[in-house]
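The structure appears below as structure tokens.
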Amino acid sequence: MSHPTQLGALSDQLITLITGISEQDDPQNFNLCRTFTLRSFRNHKFGRTNQFDVKRSLDGLEEKFCIFNSEDLADALRDRLNELSRTSNEFIPEVLSLILHLSDQPLIKSNLKDLEFLKPPEPPPPLTWSDIIAGDPLTEDGIWDNVDFAADSSDEESIGGSQELSMAAGETQSPSASDENLGDFRTFLIATDNHGLDELRKAQFWVHQVPTKAEPTDVSLVTDGVEGLWLVTELQVVREVLFMLSGLPTSLFRISPSNGNITWDKKYASSHSSQALFHRVLDSFAMIGVKLNGLRTWTKSKQEVLLLQTFRAGVEERLRQYNGILSNIQERFMKPEQSIVVSLVEIHAEIRHRARPLLELSMIVSKLRNDSESSLRKFQHLELLFDSACLHQMIGDEQVFQFVARLFFECFQTYLKPIGIWMKEGDIQGHDNTFFIAVAETAADVNLGSIWHDQYILRQDGDGRIQAPKFLHAAASKIFTTGKSVVFLKQLGGYDGPITSGDEPKLDFQAVYQSNGLDSLAPFSELFDTAFDNWIKSKHQKSSQILRERLFSDCGLWRSLDALEYVYFLRDGALFGSISATLFEKIDRGKEAWNDQFLLTEMVQSVFGSLKCVDPKKLSVRSQPGKYGDIHSRRRSVKILGSISIAYSLPWPIANVVKRDSFPVYQRIFTFLLQVRRAMQIVERLRLLKDGSGSSISHDDDDGEAELYYALRHRLLWFSNTIYTYLTTLVLIPHTAKMRQQLSAAEDMDAIIRVHGNYVARLEDQCLLSPKLAPIYQAIISLLDLAILLSDAHAIYAGEKLFDTTNRSISIHVSQLPVASQLRHRRRKAKKSHDDTDSSSSSDEFSAEEADTSYISFQETAYGERLRKMREQFERLCGFASAGLRGVARAGGEPCWEMLAEELEWGTRGSSGTMAPA
Numbered sequence: 001m002s003h004p005t006q007l008g009a010l011s012d013q014l015i016t017l018i019t020g021i022s023e024q025d026d027p028q029n030f031n032l033c034r035t036f037t038l039r040s041f042r043n044h045k046f047g048r049t050n051q052f053d054v055k056r057s058l059d060g061l062e063e064k065f066c067i068f069n070s071e072d073l074a075d076a077l078r079d080r081l082n083e084l085s086r087t088s089n090e091f092i093p094e095v096l097s098l099i100l101h102l103s104d105q106p107l108i109k110s111n112l113k114d115l116e117f118l119k120p121p122e123p124p125p126p127l128t129w130s131d132i133i134a135g136d137p138l139t140e141d142g143i144w145d146n147v148d149f150a151a152d153s154s155d156e157e158s159i160g161g162s163q164e165l166s167m168a169a170g171e172t173q174s175p176s177a178s179d180e181n182l183g184d185f186r187t188f189l190i191a192t193d194n195h196g197l198d199e200l201r202k203a204q205f206w207v208h209q210v211p212t213k214a215e216p217t218d219v220s221l222v223t224d225g226v227e228g229l230w231l232v233t234e235l236q237v238v239r240e241v242l243f244m245l246s247g248l249p250t251s252l253f254r255i256s257p258s259n260g261n262i263t264w265d266k267k268y269a270s271s272h273s274s275q276a277l278f279h280r281v282l283d284s285f286a287m288i289g290v291k292l293n294g295l296r297t298w299t300k301s302k303q304e305v306l307l308l309q310t311f312r313a314g315v316e317e318r319l320r321q322y323n324g325i326l327s328n329i330q331e332r333f334m335k336p337e338q339s340i341v342v343s344l345v346e347i348h349a350e351i352r353h354r355a356r357p358l359l360e361l362s363m364i365v366s367k368l369r370n371d372s373e374s375s376l377r378k379f380q381h382l383e384l385l386f387d388s389a390c391l392h393q394m395i396g397d398e399q400v401f402q403f404v405a406r407l408f409f410e411c412f413q414t415y416l417k418p419i420g421i422w423m424k425e426g427d428i429q430g431h432d433n434t435f436f437i438a439v440a441e442t443a444a445d446v447n448l449g450s451i452w453h454d455q456y457i458l459r460q461d462g463d464g465r466i467q468a469p470k471f472l473h474a475a476a477s478k479i480f481t482t483g484k485s486v487v488f489l490k491q492l493g494g495y496d497g498p499i500t501s502g503d504e505p506k507l508d509f510q511a512v513y514q515s516n517g518l519d520s521l522a523p524f525s526e527l528f529d530t531a532f533d534n535w536i537k538s539k540h541q542k543s544s545q546i547l548r549e550r551l552f553s554d555c556g557l558w559r560s561l562d563a564l565e566y567v568y569f570l571r572d573g574a575l576f577g578s579i580s581a582t583l584f585e586k587i588d589r590g591k592e593a594w595n596d597q598f599l600l601t602e603m604v605q606s607v608f609g610s611l612k613c614v615d616p617k618k619l620s621v622r623s624q625p626g627k628y629g630d631i632h633s634r635r636r637s638v639k640i641l642g643s644i645s646i647a648y649s650l651p652w653p654i655a656n657v658v659k660r661d662s663f664p665v666y667q668r669i670f671t672f673l674l675q676v677r678r679a680m681q682i683v684e685r686l687r688l689l690k691d692g693s694g695s696s697i698s699h700d701d702d703d704g705e706a707e708l709y710y711a712l713r714h715r716l717l718w719f720s721n722t723i724y725t726y727l728t729t730l731v732l733i734p735h736t737a738k739m740r741q742q743l744s745a746a747e748d749m750d751a752i753i754r755v756h757g758n759y760v761a762r763l764e765d766q767c768l769l770s771p772k773l774a775p776i777y778q779a780i781i782s783l784l785d786l787a788i789l790l791s792d793a794h795a796i797y798a799g800e801k802l803f804d805t806t807n808r809s810i811s812i813h814v815s816q817l818p819v820a821s822q823l824r825h826r827r828r829k830a831k832k833s834h835d836d837t838d839s840s841s842s843s844d845e846f847s848a849e850e851a852d853t854s855y856i857s858f859q860e861t862a863y864g865e866r867l868r869k870m871r872e873q874f875e876r877l878c879g880f881a882s883a884g885l886r887g888v889a890r891a892g893g894e895p896c897w898e899m900l901a902e903e904l905e906w907g908t909r910g911s912s913g914t915m916a917p918a
């Protein structure tokens, strides 16, 4: 067949299969489809597979096998390619290309043992004469003897035998046969015993009524209206009860198909018992049967969750054991070893006692059915079993306690498997939402710096409770930490398989009570918590210890903490002094590029690069030029330093310990220390003013201005040193040392993170940076701003003095001095009246807005007036800060706040006496 003919035939089949149109049914549409199909085939743009690309791909795959130390796979691939090259087929490249496209990770998933299935089965060996003779040797006696074909054959014998049988049958069926021949067949018949059949019919009390008799022994006849009663024996009632409790249909009891209730037929009565007692006993049996049938019905329901499947299997096993108990009771009456007395009351007591654990189990299943949250909380049966075991142990019900506790441990083993896998391997298995640990929705976008906090989460309900059994809530965090430790070690490259410490302790009923004994007085919850804690420790301690050692030794936790102290807490004041001096000098000169982040970064890297614990490449300085752009107006406040922030990048393992929300606190402490150093630098550089001849400039016309100036300078210098000493000596140094001790004693990663988090929180509080201490912090910043205001006021005053001294030396006989003095006096007087007006309208209370404005206006204000306003401002702010610190200290704050308050109070009292005007 030519190619066009073959293509046309295949196209016709393709059209029929896809569209369902045939040439006979719809020739017009069929021809259109055929034309379109053939045109598409002729004009297609898809060429044949490039055999050279296929060869390169196979060669690359072979080379990949060799690189990854899988030479056996490479050799097997090469052998088959060589064998295939000896085959002549034009479509071999297409076949190989298809196989390459269908392959899925051949390096990982290939197994050479699978090639054994491709070998054709070995053909059976050829049949030889030796095999034939082995089964039927030719040397057997008589095999070579001549055969006498004239003798009677076996066929004739069989024909004769069949004729004899047919004749015998004819004689039997013949009506004229003699009784002598019939007697031979009667000897094979077995005589029936109708006594057993009669006994069986009599036992069917539901078929034949046993009428009541007016006898004294029939206690049931004492009452009236018993004409229609059917008497039954106690043995018959016991049999019916046992059948009913086994879930079988009976004549005495009826099961409602709608609600499962069990009722009994009131036409039956029992001898030797009153009707009321008989009815109460049957009611009790029916109640037990309802509970048991409820359990059987629940076990037939389909359970999708593995936890509930385990629980269902446990219930089925308990029902099977109870059915065995009922069978033993039946056997006791059917095959009595000795004479026994049938007592319905005794059987009732025995059955009720044996059914008590199942009745408790029925209550648990009923709660699962009726609870609307059971569909969401797949582990609720574990909580119910645990609570039931605790309750029955407390009340001393050992039978029900052991029954429920053993079932609890069987079900708990299923819940324990994903916990064990998580703690050993760091993997989460299953998707039925029964495990209380899950992968976070944003896990795909989590970077390594927050993998500990953001990759996995604890499932919680709407009320914030962990979606785990209540008795596991206390241990959930340790389970969570252990699995995350394994995941963290995998990222660090230190995971060598499941991490365990010795033999894993068992967690079942026998293990819990093996060391304590069944008569232990300890509560079941406490015994379980102890055993479960030991089970967790077998996995938690090893993984946490390995991760802790890796953090301290390989990841450099101590080194990173040292770097943070040097960078943010100015641990080396002399080293940082060169940075602060250069920065403050640029601010004083009013350079617009004082906060250029590139220049500052270069300077910081060069200074801190001399420290072994600091990696200068990870240091950078950022600035906010828009926030404090006007250098000439904003330089008069230490708040200008808030536009500078320093950043230090930590390795990703350490970044999981020092969380992102800790760096704002580090930065604010750095800014606070820098602001205090700025105030100290401003006050320390104030010196006695000298005139041109080198003598000190005197305050000839002041009203105690010199005393005010020196006292204010002294108090500001004392205040800034007090704050700096408080921050470094009373807060940073002791708390850092305590934090390092706690880190050394921390047992796992979470404890390390918690220690550092508490450390940062305490630093924020004690450094007065928390929101509740914001007014006190603002007051301290305002006091630091007074140092800059004092420096500016003194500089203006010194300029005026130098100018006046120069004029007097040049024009000593010119009578301009009184004029200048009068002008100055007039200017001071006018400004003083203006300031008094402003002062009377201001509030004495401190507000945060005062920290953002200048306290003193330097426009034509008398020098002495400026100093007095600064003194008042110092006393007010210092007193406010002292009172605020003492208040929060008395409200349960830190002792260091009380110490700082006493220092500030002493300074306020000293300033009140020292800076009083002369």
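Numbering-wise, the sequence shown is residues 1 to 918 according to UniProt numbering. Each residue gets a CB set at the ideal place from its N, CA and C atoms; glycine is no exception. Since the model is a prediction, treat every value here as computed from it, not as a measurement.
Out of Leu619, Ile587 and Gln28, which has the shortest C-alpha to C-alpha gap to Leu641?
Minimum Cα distance to Leu641 is reached at Ile587.
Can you list, in chain order, the residues of its chain with a C-beta nearer than 6 Å to that of Phe576? Leave out the 5 residues immediately preceding and following it.
If the five residues before and after Phe576 are omitted, its C-beta is found closer than 6 Å to the C-beta atoms of Leu570, all from its own chain and listed in chain order.
Beta-carbon within less than 7 Å of Lys119's beta-carbon, same chain only, minus the 5 sequence neighbours each way: which residues are those?
So the list is empty, once near-sequence residues are dropped.
Residue environment, Thr19, which counts as buried when at least 16 other CB atoms sit within 10 Å
By the 10 Å Cβ count, Thr19 comes out exposed.
Nearest candidate by alpha-carbon position, reference Leu308, set Ile67, Gln766, Leu368 and Arg740:
Comparing alpha-carbon positions, the option among Ile67, Gln766, Leu368 and Arg740 lying closest to Leu308 turns out to be Leu368.
Can you tell me which of Ser270, Thr481 and Glu902 puts its alpha carbon nearest to the alpha carbon of residue 1000?
The chain is shown from 1 up to 918; residue 1000 falls before or after that span and cannot be answered.
Let me know the secondary structure DSSP gives Ile640 once reduced to three states.
DSSP places Ile640 in helix when its eight states are reduced to three.
Taking contact to mean at least 3 C-beta pairs separated by less than 8 Å, is the region 608-623 in contact with the region 546-564?
They touch, by the three-pair rule.
Taking only the alpha-carbon atoms, compute the straight-line gap between Thr601 and Leu674 and give it to the nearest angstrom.
Each residue's alpha carbon lies about 16 Å from the other.
Other residues of its chain near Cys66: CB distance less than 6 Å, five sequence neighbours each side excluded:
Taking Cys66 as the centre and dropping the five residues before and after it, the same chain places the C-beta of Ala74 closer than 6 Å to its C-beta, in chain order.
Can you tell me whether DSSP reads Arg677 as helix, strand or coil?
DSSP places Arg677 in helix when its eight states are reduced to three.
Which residues in the same chain as Ser178 place their Cβ atom closer than 8 Å to its Cβ, once the five residues preceding and following it in sequence are excluded?
Legend: pLDDT at Ser178 = 48, less than 50; position of this residue unreliable, no value from coordinates given.
Using the Cα positions of Asn31 and Ile15, report the straight-line distance between them to the nearest angstrom.
Straight-line Cα distance between these residues: approximately 10 Å.
Can you tell me which of the three DSSP states Leu231 falls into?
Strand.
Selected residue, minimal CA-CA separation from Leu789, among Arg868, Ile752 and Leu743:
The shortest C-alpha separation from Leu789 is found at Arg868.
Looking at Thr623: is its Cβ nearer than 7 Å to the Cβ of Ile644?
This sequence places Ser at residue 623; Thr is not what is there. Yes, these two residues count as a Cβ contact at 7 Å.
Please give the ranges of any alpha helix (DSSP H) in the region 533-569, keeping only runs that are unbroken, at least 4 residues long and fully inside the region.
Complete alpha helix (DSSP H) runs here, min 4: 557-568.
Distance, Cα to Cα, Gly913 vs Arg866?
Confidence at Gly913 is low in this model, with a pLDDT of 44, below 50, so its placement is unreliable and no value can be given for it.
Apart from the five residues on each side of it in sequence, which residues of its chain come closer than 6 Å, Cβ to Cβ, to Leu359?
Contacts found: Lys291.
Quick check for students: name the residue ranges of the alpha helix (DSSP H) that lie wholly in the region 36-117, counting only runs of 4 or more.
With a minimum length of 4 residues, the continuous alpha helix (DSSP H) runs that stay inside the region 36-117 are 51-67, 71-85, 92-102 and 106-109.
Can you find a CB in chain D that lies within less than 7 Å of the CB of Lys478?
Structure shown: chain D not included; a single protein chain is present.
Using the C-alpha atoms, what's the distance from Val241 back to Ser284?
Their backbone Cα atoms lie some 11 Å apart in a straight line.
In the DSSP assignment, the alpha helix (DSSP H) including Tyr709 goes from what residue to what residue?
It spans Glu705 to Thr725 - the alpha helix (DSSP H) in which Tyr709 sits, taken as one unbroken run.
In the structure shown, what three-state DSSP assignment does Ile466 receive?
In the structure shown, Ile466 sits in a strand (DSSP, three-state: E or B).
Hey, how far is the Cα of Ser301 from the Cα of Trp422?
So the two alpha carbons sit approximately 31 Å from each other.
In the DSSP assignment, what residue or residues form a beta bridge with Tyr322?
Answer is none; Tyr322 lacks a bridge partner.
Tell me, which residues are paired with Val439 by DSSP?
For Val439, which the question treats as bridged, DSSP gives the partners Tyr456.
Spell out a yes or no on whether the region 601-613 and the region 649-657 are touching, meaning 3 or more CB-CB pairs, one atom from each, closer than 8 Å.
Because the criterion of three Cβ pairs below 8 Å is not met, the region 601-613 and the region 649-657 do not touch.
From the DSSP output, read off the bridge partner residues of Phe253.
Phe253 pairs with Trp264.
Nearest neighbour of residue 970, chosen from Ser744, Cys411, Thr481 and Ser544 [CA to CA]:
Residue 970 lies beyond the residue range present for the chain, which begins at 1 and ends at 918; the question has no answer from this structure.
Which residues does DSSP pair with residue 937 in a beta bridge?
Here the chain covers residues 1 to 918 and nothing more, so residue 937 does not appear.
Less than 8 Å between the CB atoms is what I'm expecting for Lys591 and Ile781, so what's the real figure, rounded?
No, Lys591 and Ile781 are not in contact; Cβ-Cβ is about 23 Å, not under 8 Å.
Assuming Gln399 contacts Pro357 (C-beta within less than 8 Å), just tell me the rounded distance between them.
Confirmed, Cβ separation roughly 6 Å.
Proximity of Ala468 and Phe436 at Cβ, strictly below 7 Å:
Their beta carbons are under 7 Å apart, which means Ala468 touches Phe436 by this criterion.
For Ile733, which residues of its own chain have a beta-carbon under 6 Å away from its beta-carbon, when the five flanking residues on both sides are left out?
There are no such residues.
Does the beta-carbon distance from Ser720 to Val676 come in below 7 Å?
For the 7 Å CB-CB criterion, Ser720 and Val676 form a contact.
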